[in-house]
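Engineer:
In the numbering used here, the protein residues as written are 83 to 140.
1. I think residue 100 touches residue 114, with their Cβ atoms under 8 Å apart; what is that distance to the nearest whole Å?
2. Using the Cβ count rule (16 or more neighbours within 10 Å means buried), how would you classify residue 129?
3. Residue 153 by DSSP, collapsed to three states: which one?
4. In angstroms with no decimal places, state the Cα-to-Cα distance between residue 136 and residue 117.
5. What residue range does the alpha helix (DSSP H) around residue 115 cover?
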C-alpha cells in the first residue's frame, strides 16, 4: 500500500473518495477521514484570522 493514500484521498477527493479509501483498507480510510477533518478545522480556524490580510485591496 502506498504511503499517504489516505491523506491524498481525504484532502483531494473529499468525502466520496474517502469512503472509497476505506474499501482499500481500514487504515487508509481512517487516515483519509482524519485528514478531511483536520483540513476543515484548520480552514474554520485560520480563515477568519487571514481574511483581513487578503481583503485589504478590495
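In this text, a Cβ means the ideal position worked out from N, Cα and C, and glycines have one as well.
Structural biologist: If we stick to the structure as given:
1. 4 Å
2. By the 10 Å Cβ count, residue 129 comes out exposed.
3. A question about residue 153 goes unanswered here, because the residues of the chain that appear run from 83 up to 140.
4. When rounded, the distance between both Cα atoms is 25 Å.
5. In the DSSP assignment, residue 115 falls within the unbroken alpha helix (DSSP H) covering 108-136.
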